[in-house]
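Encoded as C-alpha coordinates, the structure appears first; notes follow it.
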Amino acid sequence: MFRRPRPAAPNTPPEAQAAAASPAVPETDPARVLGELLARPNLTAVLEQSLAQAAALLGGEVRGFAVIRRGQDQVVGVLGYPRSLVGQTLSGPWSAMRPRILTGGSSELYAANSEEIRTVLDNAGMREVPVSLVVPLSERGRQLGALVLDRAPGGGGTVTPQQQEAVARWAQAVTPLLGLLESREEWQRTARQLAASVVEAVESQEFESLGHARAVAEISQELGRALGLTERELEELWFAATLHDLGKLHGEEGHALVGANFLHGVPHLAEAQKAIRHHHERWDGQGEPDKLTGEDIPLYARILAVANAYVRTGDLERVRAQAGKGLDARLVTALEKVEKRAR
1 MFRRPRPAAP
11 NTPPEAQAAA
21 ASPAVPETDP
31 ARVLGELLAR
41 PNLTAVLEQS
51 LAQAAALLGG
61 EVRGFAVIRR
71 GQDQVVGVLG
81 YPRSLVGQTL
91 SGPWSAMRPR
101 ILTGGSSELY
111 AANSEEIRTV
121 LDNAGMREVP
131 VSLVVPLSER
141 GRQLGALVLD
151 RAPGGGGTVT
161 PQQQEAVARW
171 AQAVTPLLGL
181 LESREEWQRT
191 ARQLAASVVE
201 AVESQEFESL
211 GHARAVAEIS
221 QELGRALGLT
231 ERELEELWFA
241 ATLHDLGKLH
251 GEEGHALVGA
261 NFLHGVPHLA
271 EAQKAIRHHH
281 ERWDGQGEPD
291 KLTGEDIPLY
301 ARILAVANAY
311 VRTGDLERVR
321 AQAGKGLDAR
331 LVTALEKVEK
341 RAR
(Lines of atoms letter the chains of each structure in order from A; the text may use other names.)
(Lines give C-alpha, C1' and ligand atoms only; values in the text may rest on other atoms or scores of the structure.)
Protein backbone atom coordinates (compact mmCIF):
# COMPACT_ATOMS: atom_id res chain seq x y z
CA MET A 1 0.00 0.00 0.00
CA PHE A 2 2.77 2.44 0.91
CA ARG A 3 5.70 1.12 -1.13
CA ARG A 4 8.37 3.56 -2.16
CA PRO A 5 8.84 3.84 -5.95
CA ARG A 6 12.01 2.15 -7.15
CA PRO A 7 14.72 4.56 -8.35
CA ALA A 8 15.12 4.66 -12.13
CA ALA A 9 18.11 2.75 -13.51
CA PRO A 10 20.98 4.90 -14.87
CA ASN A 11 20.19 4.00 -18.48
CA THR A 12 16.46 4.62 -18.18
CA PRO A 13 15.18 7.05 -20.84
CA PRO A 14 14.35 10.57 -19.53
CA GLU A 15 10.64 10.09 -20.24
CA ALA A 16 10.53 6.96 -18.06
CA GLN A 17 12.49 8.71 -15.32
CA ALA A 18 9.92 11.53 -15.28
CA ALA A 19 7.08 9.03 -15.02
CA ALA A 20 8.83 7.24 -12.15
CA ALA A 21 9.32 10.54 -10.36
CA SER A 22 5.58 11.32 -10.44
CA PRO A 23 3.74 8.28 -9.01
CA ALA A 24 -0.06 8.26 -8.97
CA VAL A 25 0.05 7.92 -5.17
CA PRO A 26 2.78 9.94 -3.40
CA GLU A 27 5.30 8.02 -1.33
CA THR A 28 4.80 8.10 2.43
CA ASP A 29 6.30 6.65 5.57
CA PRO A 30 3.49 5.03 7.59
CA ALA A 31 5.74 4.56 10.64
CA ARG A 32 6.46 8.30 10.75
CA VAL A 33 2.79 9.16 10.34
CA LEU A 34 1.77 6.68 13.03
CA GLY A 35 4.36 8.20 15.34
CA GLU A 36 2.90 11.65 14.74
CA LEU A 37 -0.58 10.34 15.41
CA LEU A 38 0.40 8.71 18.69
CA ALA A 39 2.39 11.75 19.79
CA ARG A 40 -0.86 13.75 19.97
CA PRO A 41 -3.41 11.20 21.20
CA ASN A 42 -6.64 13.16 21.11
CA LEU A 43 -9.44 12.83 18.60
CA THR A 44 -9.07 16.21 16.86
CA ALA A 45 -5.28 15.92 16.47
CA VAL A 46 -5.48 12.38 15.11
CA LEU A 47 -8.25 13.25 12.65
CA GLU A 48 -6.41 16.34 11.39
CA GLN A 49 -3.21 14.34 10.93
CA SER A 50 -5.28 11.69 9.11
CA LEU A 51 -6.74 14.36 6.83
CA ALA A 52 -3.26 15.68 6.06
CA GLN A 53 -2.02 12.21 5.17
CA ALA A 54 -5.10 11.51 3.01
CA ALA A 55 -4.56 14.83 1.20
CA ALA A 56 -0.94 13.86 0.53
CA LEU A 57 -2.13 10.60 -1.00
CA LEU A 58 -4.49 12.51 -3.31
CA GLY A 59 -1.85 15.05 -4.32
CA GLY A 60 -2.55 18.58 -5.52
CA GLU A 61 -4.39 21.23 -3.54
CA VAL A 62 -6.83 19.51 -1.21
CA ARG A 63 -8.95 20.71 1.69
CA GLY A 64 -10.99 18.57 4.00
CA PHE A 65 -12.89 17.98 7.19
CA ALA A 66 -13.62 15.02 9.44
CA VAL A 67 -16.96 14.22 11.03
CA ILE A 68 -17.60 11.97 14.01
CA ARG A 69 -21.00 10.45 14.73
CA ARG A 70 -22.13 11.47 18.22
CA GLY A 71 -25.87 11.01 17.87
CA GLN A 72 -25.55 13.71 15.24
CA ASP A 73 -22.61 14.15 12.86
CA GLN A 74 -20.20 16.75 14.17
CA VAL A 75 -17.10 18.28 12.56
CA VAL A 76 -14.12 17.38 14.77
CA GLY A 77 -11.14 18.24 12.55
CA VAL A 78 -10.35 20.42 9.52
CA LEU A 79 -7.62 20.77 6.91
CA GLY A 80 -7.44 24.04 4.98
CA TYR A 81 -10.88 25.13 6.19
CA PRO A 82 -11.56 27.66 9.01
CA ARG A 83 -11.40 26.25 12.53
CA SER A 84 -14.85 27.78 13.10
CA LEU A 85 -16.20 24.64 11.42
CA VAL A 86 -15.00 22.47 14.32
CA GLY A 87 -17.97 21.65 16.53
CA GLN A 88 -20.48 22.36 13.75
CA THR A 89 -23.28 19.76 13.37
CA LEU A 90 -23.72 18.74 9.72
CA SER A 91 -25.76 16.36 7.65
CA GLY A 92 -24.03 15.04 4.57
CA PRO A 93 -23.30 12.35 1.99
CA TRP A 94 -21.37 9.98 4.27
CA SER A 95 -24.01 7.53 5.47
CA ALA A 96 -22.91 4.85 2.96
CA MET A 97 -20.35 2.33 4.25
CA ARG A 98 -18.17 2.70 1.17
CA PRO A 99 -16.02 5.47 -0.33
CA ARG A 100 -17.75 7.79 -2.80
CA ILE A 101 -16.48 10.27 -5.37
CA LEU A 102 -18.87 13.22 -5.68
CA THR A 103 -18.42 14.78 -9.09
CA GLY A 104 -20.97 17.41 -8.10
CA GLY A 105 -18.59 18.59 -5.42
CA SER A 106 -20.41 19.97 -2.40
CA SER A 107 -23.90 20.03 -3.92
CA GLU A 108 -25.12 17.06 -1.83
CA LEU A 109 -23.68 18.63 1.32
CA TYR A 110 -25.56 21.87 0.63
CA ALA A 111 -28.79 20.04 -0.17
CA ALA A 112 -28.69 18.13 3.13
CA ASN A 113 -28.38 21.18 5.38
CA SER A 114 -30.46 24.19 6.40
CA GLU A 115 -30.06 27.70 5.05
CA GLU A 116 -28.26 28.71 8.23
CA ILE A 117 -25.70 25.92 7.82
CA ARG A 118 -25.32 26.70 4.11
CA THR A 119 -24.26 30.22 5.11
CA VAL A 120 -21.57 28.70 7.34
CA LEU A 121 -20.41 26.54 4.43
CA ASP A 122 -20.34 29.59 2.13
CA ASN A 123 -18.18 31.46 4.61
CA ALA A 124 -15.79 28.52 4.64
CA GLY A 125 -15.52 28.63 0.83
CA MET A 126 -17.17 25.29 0.11
CA ARG A 127 -19.75 26.18 -2.55
CA GLU A 128 -17.36 26.02 -5.50
CA VAL A 129 -15.75 22.67 -4.64
CA PRO A 130 -15.51 20.73 -7.94
CA VAL A 131 -14.87 17.16 -6.71
CA SER A 132 -15.12 15.50 -3.29
CA LEU A 133 -13.99 12.13 -1.98
CA VAL A 134 -15.97 10.83 1.01
CA VAL A 135 -14.34 7.98 2.92
CA PRO A 136 -16.26 6.37 5.82
CA LEU A 137 -14.58 5.60 9.14
CA SER A 138 -16.17 2.32 10.18
CA GLU A 139 -15.16 -0.53 12.44
CA ARG A 140 -16.88 -3.93 12.62
CA GLY A 141 -20.00 -2.55 10.98
CA ARG A 142 -20.18 0.51 13.24
CA GLN A 143 -19.81 3.83 11.47
CA LEU A 144 -17.75 6.26 13.53
CA GLY A 145 -17.73 9.09 10.99
CA ALA A 146 -16.02 10.05 7.74
CA LEU A 147 -13.18 11.93 6.10
CA VAL A 148 -14.26 14.37 3.38
CA LEU A 149 -11.53 15.50 0.97
CA ASP A 150 -12.30 18.36 -1.44
CA ARG A 151 -10.32 19.37 -4.48
CA ALA A 152 -9.75 23.10 -4.09
CA PRO A 153 -11.72 25.33 -6.52
CA GLY A 154 -9.60 25.97 -9.58
CA GLY A 155 -7.18 23.23 -8.56
CA GLY A 156 -8.39 20.91 -11.29
CA GLY A 157 -7.87 17.18 -11.29
CA THR A 158 -10.04 14.22 -10.44
CA VAL A 159 -9.59 11.32 -8.05
CA THR A 160 -8.10 8.23 -9.66
CA PRO A 161 -9.14 4.71 -8.58
CA GLN A 162 -5.61 4.18 -7.20
CA GLN A 163 -5.84 7.34 -5.10
CA GLN A 164 -9.30 6.43 -3.84
CA GLU A 165 -8.07 2.97 -2.82
CA ALA A 166 -5.01 4.38 -1.06
CA VAL A 167 -7.10 6.86 0.98
CA ALA A 168 -9.66 4.15 1.82
CA ARG A 169 -6.91 1.85 3.09
CA TRP A 170 -5.40 4.67 5.11
CA ALA A 171 -8.80 5.42 6.71
CA GLN A 172 -9.22 1.72 7.47
CA ALA A 173 -5.80 1.67 9.15
CA VAL A 174 -6.45 4.60 11.51
CA THR A 175 -10.10 3.82 12.39
CA PRO A 176 -9.28 1.42 15.28
CA LEU A 177 -7.26 4.21 16.92
CA LEU A 178 -10.20 6.58 16.52
CA GLY A 179 -12.48 4.06 18.21
CA LEU A 180 -10.15 3.86 21.19
CA LEU A 181 -9.83 7.64 21.44
CA GLU A 182 -13.57 8.17 21.15
CA SER A 183 -14.11 5.78 24.07
CA ARG A 184 -11.34 7.49 26.03
CA GLU A 185 -12.74 10.96 25.36
CA GLU A 186 -16.20 9.80 26.42
CA TRP A 187 -14.67 8.56 29.68
CA GLN A 188 -12.79 11.86 30.07
CA ARG A 189 -15.94 13.91 29.56
CA THR A 190 -17.79 11.83 32.15
CA ALA A 191 -14.90 11.99 34.63
CA ARG A 192 -14.63 15.77 34.22
CA GLN A 193 -18.37 16.24 34.73
CA LEU A 194 -18.31 14.11 37.88
CA ALA A 195 -15.24 15.90 39.27
CA ALA A 196 -16.70 19.35 38.58
CA SER A 197 -20.06 18.38 40.11
CA VAL A 198 -18.49 17.05 43.31
CA VAL A 199 -16.30 20.15 43.70
CA GLU A 200 -19.25 22.46 43.08
CA ALA A 201 -21.21 20.64 45.78
CA VAL A 202 -18.34 21.21 48.23
CA GLU A 203 -17.94 24.87 47.21
CA SER A 204 -21.66 25.52 47.61
CA GLN A 205 -21.26 25.04 51.36
CA GLU A 206 -19.31 28.30 51.39
CA PHE A 207 -20.82 30.81 48.95
CA GLU A 208 -17.62 32.83 48.53
CA SER A 209 -15.79 29.74 47.22
CA LEU A 210 -18.31 28.96 44.47
CA GLY A 211 -16.51 28.87 41.12
CA HIS A 212 -13.04 29.06 42.68
CA ALA A 213 -11.87 25.64 41.42
CA ARG A 214 -13.09 26.33 37.90
CA ALA A 215 -11.23 29.65 37.79
CA VAL A 216 -8.02 28.07 39.14
CA ALA A 217 -8.34 25.29 36.54
CA GLU A 218 -8.70 27.83 33.71
CA ILE A 219 -5.63 29.83 34.76
CA SER A 220 -3.65 26.63 35.34
CA GLN A 221 -4.46 25.42 31.84
CA GLU A 222 -3.30 28.71 30.35
CA LEU A 223 -0.04 28.50 32.29
CA GLY A 224 0.39 24.87 31.27
CA ARG A 225 -0.03 25.73 27.59
CA ALA A 226 2.43 28.60 27.96
CA LEU A 227 4.95 26.11 29.34
CA GLY A 228 4.36 23.70 26.44
CA LEU A 229 2.68 20.90 28.37
CA THR A 230 1.20 18.09 26.28
CA GLU A 231 -2.53 17.37 26.10
CA ARG A 232 -2.06 14.43 28.47
CA GLU A 233 -0.22 16.66 30.96
CA LEU A 234 -2.85 19.38 30.65
CA GLU A 235 -5.54 16.82 31.36
CA GLU A 236 -3.87 15.76 34.61
CA LEU A 237 -3.21 19.40 35.55
CA TRP A 238 -6.94 20.10 35.06
CA PHE A 239 -7.86 17.39 37.56
CA ALA A 240 -5.24 18.69 40.02
CA ALA A 241 -6.60 22.24 39.79
CA THR A 242 -10.24 21.21 39.93
CA LEU A 243 -9.76 18.94 42.95
CA HIS A 244 -7.10 20.94 44.82
CA ASP A 245 -9.46 22.10 47.59
CA LEU A 246 -11.64 18.99 47.76
CA GLY A 247 -10.07 18.12 51.13
CA LYS A 248 -11.96 21.06 52.64
CA LEU A 249 -14.89 18.68 52.77
CA HIS A 250 -13.32 17.70 56.12
CA GLY A 251 -12.31 21.22 57.15
CA GLU A 252 -9.63 23.77 56.30
CA GLU A 253 -6.79 22.34 58.37
CA GLY A 254 -4.68 19.83 56.49
CA HIS A 255 -7.01 19.91 53.51
CA ALA A 256 -4.14 19.47 51.03
CA LEU A 257 -3.19 16.12 52.55
CA VAL A 258 -6.81 15.02 52.78
CA GLY A 259 -7.43 16.02 49.16
CA ALA A 260 -4.36 14.14 47.96
CA ASN A 261 -5.59 11.02 49.73
CA PHE A 262 -8.75 11.07 47.63
CA LEU A 263 -6.57 10.19 44.61
CA HIS A 264 -4.73 7.36 46.33
CA GLY A 265 -4.87 4.31 44.06
CA VAL A 266 -5.53 6.31 40.87
CA PRO A 267 -2.21 5.71 39.04
CA HIS A 268 -2.95 7.83 35.97
CA LEU A 269 -3.46 10.86 38.26
CA ALA A 270 -0.32 10.32 40.34
CA GLU A 271 1.13 13.73 39.40
CA ALA A 272 -2.20 15.40 40.19
CA GLN A 273 -2.09 13.77 43.62
CA LYS A 274 1.38 15.25 44.24
CA ALA A 275 0.20 18.66 43.06
CA ILE A 276 -2.74 18.67 45.47
CA ARG A 277 -0.53 17.56 48.37
CA HIS A 278 2.06 20.27 47.74
CA HIS A 279 0.07 23.25 46.42
CA HIS A 280 0.62 25.11 49.73
CA GLU A 281 4.41 24.69 49.65
CA ARG A 282 6.38 27.93 49.22
CA TRP A 283 9.34 28.62 46.94
CA ASP A 284 11.32 29.79 50.01
CA GLY A 285 10.65 26.56 51.94
CA GLN A 286 8.24 28.05 54.49
CA GLY A 287 5.15 26.22 53.21
CA GLU A 288 3.26 23.03 54.06
CA PRO A 289 3.22 20.10 54.50
CA ASP A 290 6.86 19.19 53.79
CA LYS A 291 8.62 22.58 53.57
CA LEU A 292 9.93 21.81 50.08
CA THR A 293 11.93 24.56 48.37
CA GLY A 294 12.32 25.81 44.80
CA GLU A 295 12.10 23.21 42.07
CA ASP A 296 11.82 20.40 44.60
CA ILE A 297 8.16 21.41 44.64
CA PRO A 298 6.37 19.48 41.86
CA LEU A 299 5.73 21.62 38.77
CA TYR A 300 1.95 21.17 38.82
CA ALA A 301 1.89 22.26 42.48
CA ARG A 302 3.85 25.42 41.60
CA ILE A 303 1.41 26.14 38.78
CA LEU A 304 -1.55 25.68 41.15
CA ALA A 305 0.04 28.01 43.70
CA VAL A 306 0.38 30.83 41.15
CA ALA A 307 -3.13 30.29 39.71
CA ASN A 308 -4.61 30.03 43.20
CA ALA A 309 -2.93 33.25 44.33
CA TYR A 310 -4.14 35.14 41.27
CA VAL A 311 -7.73 33.91 41.55
CA ARG A 312 -7.87 34.71 45.27
CA THR A 313 -6.38 38.20 45.04
CA GLY A 314 -7.44 39.20 41.52
CA ASP A 315 -4.37 41.43 41.57
CA LEU A 316 -1.35 40.77 39.37
CA GLU A 317 0.79 43.19 41.41
CA ARG A 318 0.17 41.24 44.61
CA VAL A 319 1.09 38.02 42.86
CA ARG A 320 4.23 39.62 41.41
CA ALA A 321 5.27 40.65 44.94
CA GLN A 322 5.43 36.95 45.87
CA ALA A 323 7.76 35.99 43.00
CA GLY A 324 10.84 34.25 44.39
CA LYS A 325 9.31 34.16 47.89
CA GLY A 326 6.14 32.15 48.00
CA LEU A 327 5.85 31.59 44.25
CA ASP A 328 8.03 30.42 41.36
CA ALA A 329 9.22 33.65 39.66
CA ARG A 330 9.31 31.96 36.24
CA LEU A 331 5.64 31.01 36.52
CA VAL A 332 4.70 34.49 37.70
CA THR A 333 6.36 35.85 34.55
CA ALA A 334 4.39 33.32 32.49
CA LEU A 335 1.17 34.50 34.17
CA GLU A 336 1.98 38.12 33.27
CA LYS A 337 2.42 37.13 29.63
CA VAL A 338 -0.81 35.12 29.62
CA GLU A 339 -2.76 38.02 31.10
CA LYS A 340 -1.18 40.50 28.69
CA ARG A 341 -2.30 38.38 25.70
CA ALA A 342 -5.81 38.13 27.16
CA ARG A 343 -6.27 41.93 27.26
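Using full-length UniProt numbering, you'd call the opening residue of the sequence shown number 1 and step up by one each time. Where is the CB? At the ideal position from N, CA and C, for every residue including glycine. This one's a predicted model, so the numbers in the text were calculated from it and none came from an experiment.
Query - N-terminal and C-terminal residue of the beta strand (DSSP E) that E235 is part of - result: No beta strand (DSSP E) contains E235, which is instead part of the alpha helix (DSSP H) from 231-243.
Requested in this report: Taking the CB atoms as reference points, tell me whether L147 and A111 lie closer together than 8 Å.
Outcome: No Cβ-Cβ contact shorter than 8 Å links L147 with A111.
Query - Outcome for L263 when other beta-carbon atoms lying within 10 angstroms are tallied against a minimum of 16 - result: So L263 counts as buried.
Query raised in the report: Rounded to a whole number of angstroms, what is the C-alpha to C-alpha distance between R140 and R98?
Result: Rounded to the nearest angstrom, the two C-alpha atoms are 13 Å apart.
Requested in this report: Inspect the beta-carbon positions of V62 and L137 and report whether they are closer than 8 Å.
Outcome: The answer is no: Cβ separation not under 8 Å.
Requested in this report: In angstroms with no decimal places, state the Cα-to-Cα distance between E317 and V306.
Outcome: The straight-line gap separating the alpha-carbon atoms of E317 and V306 is approximately 12 Å.
Query raised in the report: In chain order, which continuous runs of the beta strand (DSSP E) of length 3 or greater are located wholly inside the stretch 60-137?
Result: List check, beta strand (DSSP E) in window: 62-70, 72-79, 100-102.
Query - Best match in L79, G145, S132 for proximity to Q53 [C-alpha to C-alpha] - result: The candidate whose alpha carbon is nearest that of Q53 is L79.
Query raised in the report: Between which two residues does the alpha helix (DSSP H) harbouring V216 extend?
Result: It spans 212-226 - the alpha helix (DSSP H) in which V216 sits, taken as one unbroken run.
Report task. Taking only the alpha-carbon atoms, compute the straight-line gap between L243 and G259 and give it to the nearest angstrom. Result -> Their Cα atoms are separated by approximately 7 Å.
Query raised in the report: Taking buried to mean at least 16 other C-beta atoms within 10 Å of its own C-beta, is N123 buried or exposed?
Result: So N123 ends up on the exposed side.
**Report entry** Nearest to R142 (by Cα), restricted to the options A301, L249, S95, L90
**Finding:** Looking at the Cα atoms, S95 is the closest of the given residues.
Query - Under the three-state DSSP convention, the category R151 falls into - result: Note: R151 maps to strand in three-state DSSP.
Query raised in the report: Can you tell which of R70, R100, H250 has its C-alpha closest to the C-alpha of G145?
Result: Closest in C-alpha terms to G145, from the list R70, R100, H250, comes R70.
**Report entry** Coarse secondary structure for E281, derived from DSSP in three states
**Finding:** Three-state DSSP puts E281 in coil, outside helix and strand.
Query raised in the report: Counting pairs of Cβ atoms below 8 Å between the stretch 267-280 and the stretch 228-245, do you hit three or more?
Result: A contact is defined here as three or more CB-CB pairs under 8 Å, and the stretch 267-280 meets this definition with respect to the stretch 228-245.
Requested in this report: For residue 346, count neighbouring C-beta atoms within 10 Å of its own C-beta (all shown protein chains included) and say buried if the count is 16 or more, exposed if not.
Outcome: Because the chain is modelled from 1 through 343, residue 346 falls outside the range shown and cannot be assessed.
**Report entry** In DSSP terms, what residue 361 is bridged to
**Finding:** In the structure displayed, the chain extends from 1 to 343; residue 361 sits before or after that span and is not available.
Report task. Mind reading off the beta-carbon distance from V76 to L47? Whole number of angstroms is fine, and I expect it under 8 Å. Result -> Going by Cβ atoms, the distance from V76 to L47 rounds to 5 Å, so yes, they are a contact pair.
Report task. Along the alpha helix (DSSP H) that carries Q49, what are the first and last residues, could you check? Result -> Under the DSSP assignment, Q49 falls in the alpha helix (DSSP H) whose first and last residues are 43-58.
Query raised in the report: Do the CB positions of H280 and E271 come within less than 8 Å of each other?
Result: No, the Cβ-Cβ distance between H280 and E271 is not below 8 Å.
Query raised in the report: What is the DSSP secondary structure of A301, counted as helix, strand or coil?
Result: In the displayed model, A301 falls within a helix according to three-state DSSP.
Query raised in the report: Who pairs with A323 in a beta bridge, going by DSSP?
Result: In the DSSP output, where bridge partners are listed per residue, A323 has L327.
Report task. Closer than 8 Å by C-beta to E236: which residues in its own chain qualify, once you throw out the five before and the five after it? Chain order, please. Result -> Answer for E236: H268, L269, E271, A272, Y300, listed in chain order.
Requested in this report: Less than 8 Å between the CB atoms is what I'm expecting for L223 and A321, so what's the real figure, rounded?
Outcome: No, L223 and A321 are not in contact; Cβ-Cβ is about 18 Å, not under 8 Å.
Query raised in the report: With respect to the alpha helix (DSSP H) encompassing H255, which residues constitute its N-terminal and C-terminal limits?
Result: Note, H255: alpha helix (DSSP H), 255-262.
Query raised in the report: Near Q164, which residues of its chain fall below 6 Å by C-beta distance, leaving aside the five closest residues on each side in sequence?
Result: Cβ neighbours of Q164 within its own chain (closer than 6 Å, five residues either side excluded): P99.
Requested in this report: Could you check how far apart the C-beta atoms of A213 and L304 are, in whole angstroms? I think they sit under 8 Å.
Outcome: About 11 Å; that fails the 8 Å criterion.
Requested in this report: Put V159 into one of helix, strand or coil per three-state DSSP.
Outcome: The answer is coil: DSSP assigns V159 none of H, G, I, E or B.
Report task. Compute the distance between the beta-carbons of L109 and G125, then report whether it is under 8 Å. Result -> No. Outside cutoff.
Query raised in the report: Going by the CB atoms, is the gap between G324 and R282 shorter than 8 Å?
Result: Result no, Cβ atoms of R282 and G324 do not sit closer than 8 Å.
Report task. Give me the Cβ distance between V134 and R151, rounded to the nearest whole Å; I'm assuming they're in contact under 8 Å. Result -> In this structure, V134 and R151 do not form a Cβ contact; the two beta carbons are roughly 13 Å apart against a cut-off of 8 Å.
Requested in this report: May I have the straight-line CA-CA distance separating L331 from G254, to the nearest angstrom?
Outcome: Roughly 25 Å between the two C-alpha positions.
Requested in this report: Determine the burial state of S50: buried for a count of at least 16 other Cβ atoms within 10 Å of its Cβ, exposed for fewer.
Outcome: Flag for S50 reads buried.
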